[in-house]
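Before any comments, here is the structure.
Residue numbers (this note's numbering), protein chains in the order written: chain A, -10 to 313; chain B, -10 to 313.
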């Protein structure tokens, strides 16, 4: 998204900060399309961000994340919170719903101005889906949303990155699917602030809770001021939702009271800086290589096996980094 | 994986080329763990690669990709082809099988030396899962595998990148799931060389075929010498598998006969060079920033909202790229 120097004047940012929903939707589309202009807007918005409480919800396909999000949104609206929802789960009704034949949920919020829903297209994103998610969360934050819920399926580094950006990370498990092992493999067990056992009416619910407790004791805590609780829901029947919301607010409060031990701002800063640097530095180098014709030579040499891509990259880096 | 300069001596490469399966498995683990030493090995192996025919198989969860791969492997073994299978589908029995409760398939090949199966762990991979897949395919190629099958679920850029590296890209669809629209959204319709309608006994099979044909006519062909055919399988009953294999070999032949129009080698070279450059240049810069203390200052400034991450990245790039 970034070529140097940037000369665009941000046109949408002030409208977004003033609450213009169409301007926000427009900028999100520009982020989707990786338009150059989106960068200037994001820069402008950055200083207005940091107020929203970001909730990351992850779990395997079929764990009932979407129903849970749906129910959470309903309860939070009752409490007058404005909400942004970002669905990056390809098996979610909002993004890839056709896969599961379920496309109609959440439609109840279509006419509610307090709820802004955005699903991420499943293609594109030079910078990766996690980077796009960060950007879109920043926009919702600048819109003044009190709470941003990011729903993602718990597989792959992208998802770990997304959950990692949340203030409160929720891992949803269901009985009888061997989910605990999957969660460990995916690396999401260590980053959860709250565990939800959804579909808790199912057989195996007690066993799953016991397994989880053992696993958590083995893993140790990732925070000095918060021991991740395990709570049970049956979201389709609205069971356990109020308890879950209370836990979310307790966690939020704990974060605020332990501001100096809370490194969420830092984590997010590191991730965003790292992602932007990675993408922009590569684009800058490639643009120069293309302009002076070296790119064509390098690719040709690799394609014809005269040079391996590892050495080719090394040479370019040695050549281009002034301080190495 | 790359710090400059590299002084490691490759110890596994020659053993892998000689057919040592344990050495290959070891290197793949090192790639998983992003060990520095893996780079030297990959460099050494690179010149022995380029012989395998790589088949990419993608489709939505539940499309029956794993059963199809299983059946394909059986048929190809009958024809004495040595095979590598890379499973990067998180819903596949090989990687995230617990999700679907199906972990036992492919066990029939455990004792067959002609089949090497590797599933990619669903976490980690600084350089992205597509990069790790490329590396592992290179190792299997150097092992002398005739055919490498990469199975992936058709969502996200990673998957498009993976399918894009294949010589023959197969998209698996099933009737009655709205898959065509999903495939278009995911950007995989344009890159398919062969379409498989799996579970073709299901209602809606004819309708899906018609939809696909219309869509393909609308989209136009991505190759001058190959019109992507649509074939039907019921892989669980072995129906249509021989026809599919014939199509794969026809496509392979067409690629060979049209070598100059075939830009697969180039595509792969571009992708690998791009991915390696991106990861290595960023690591090199970050290492220097950390060593001279600038990293800490930058992250602090972003976390405290004194600076936005976009401008911070710009400044670093301006500072570090000697030619800009």
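Here a beta-carbon is modelled for each residue, glycine too, at the ideal position from N, C-alpha and C.
Annotation: residue -1 of chain A to residue 26 of chain A spans about 7 Å, alpha carbon to alpha carbon.
With a cut-off of 8 Å on Cβ pairs, the segment 119 to 128 of chain B is in contact with the segment 261 to 274 of chain B, counting three or more such pairs.
Taking all protein chains shown into account, residue 55 of chain B has 16 or more neighbouring C-beta atoms within 10 Å of its C-beta and is therefore buried.
For the pair residue 227 of chain B and residue 60 of chain B, the CB atoms are nearer than the 8 Å cut-off.
Contact check for residue 71 of chain A against residue 32 of chain A fails: the beta carbons are separated by 8 Å or more. Within a 10 Å sphere around the beta-carbon of residue 213 of chain B sit fewer than 16 other beta-carbons, which makes this residue exposed.
Rounded to the nearest angstrom, the Cβ distance from residue 187 of chain A to residue 158 of chain A is 15 Å, too far for a contact under 8 Å. Under the three-state reduction of DSSP output, residue 0 of chain B falls in the coil class, being neither helix nor strand. The three-state reading of DSSP puts residue 158 of chain A in strand, counting E and B together. DSSP places residue 260 of chain B inside the alpha helix (DSSP H), whose first and last residues are 253 to 280.
In this structure, DSSP gives residue 62 of chain A a helical state, which the three-state scheme calls helix.
Per the coordinates, the alpha-carbon of residue 222 of chain A lies some 11 Å from the alpha-carbon of residue 191 of chain A. Taking 8 Å as the cut-off, the beta carbon of residue 198 of chain A is found closer than this to the beta carbon of residue 219 of chain A. Taken atom to atom, the span from the alpha-carbon of residue 68 of chain A to that of residue 74 of chain A is near 16 Å. If the five residues before and after residue 41 of chain B are omitted, its C-beta is found closer than 6 Å to the C-beta atoms of 130, 134 and 137, all from its own chain and listed in chain order. Among the residues of the segment 284 to 305 of chain A, those with a Cβ less than 7 Å away from any Cβ of chain B are 287, 288, 291, 292, 294, 297, 298, 299, 300, 301, 302, 303 and 305, in the order of the chain. Closer than 8 Å to the CB of residue 160 of chain B there is not a single CB belonging to chain A.
Residue 30 of chain A and residue 234 of chain A do not touch by the CB rule: their CB atoms are close to 33 Å apart, not below 8 Å.
Sequence-ordered contacts of the segment 244 to 263 of chain B with chain A read 254, 255, 257, 258, 259, 261, 262 and 263 [C-beta pairs closer than 8 Å]. Cβ-Cβ separation between residue 154 of chain A and residue 284 of chain A: approximately 34 Å, too far for a contact (criterion under 8 Å).
Distance between residue 282 of chain B and residue 237 of chain B, taken at the CA atoms: about 55 Å. Nearest CB-CB separation between residue 270 of chain B and chain A: below the 8 Å threshold. Listed in chain order, the positions of the segment 3 to 17 of chain A with a beta carbon within less than 9 Å of a beta carbon of chain B would be empty, since no residue qualifies. By the criterion of at least three beta-carbon pairs nearer than 8 Å, the segment 101 to 108 of chain B is in contact with the segment 3 to 20 of chain B.
For residue 306 of chain B and residue 232 of chain A, the gap between their C-alpha atoms comes out near 48 Å. Legend: CB atoms of the segment 184 to 201 of chain B lying less than 9 Å from CB atoms of chain A are not found in any residue. The beta-carbon of residue 39 of chain B is placed less than 8 Å from the nearest beta-carbon of chain A. With a 10 Å radius around the Cβ and a threshold of 16 neighbouring Cβ atoms, residue 165 of chain B comes out exposed.
Shortest Cα-Cα distance from residue 289 of chain B to any of A:128, A:253, A:299 and A:201 involves A:253. Beta-bridge annotation (DSSP): residue 221 of chain A is paired with A:186. Look at residue 140 of chain A here: in three-state DSSP terms it is strand. In the structure shown, the three-state DSSP call for residue 42 of chain A is strand.
The beta-carbon of residue 273 of chain A is placed less than 8 Å from the nearest beta-carbon of chain B.
Residue 191 of chain B: not part of any beta strand (DSSP E); DSSP gives it neither H nor E. Around the Cβ of residue 280 of chain A, a 10 Å sphere holds fewer than 16 other Cβ atoms; the residue is exposed. Interface residue (Cβ-Cβ distance to chain B less than 8 Å): residue 151 of chain A is not classified as such.
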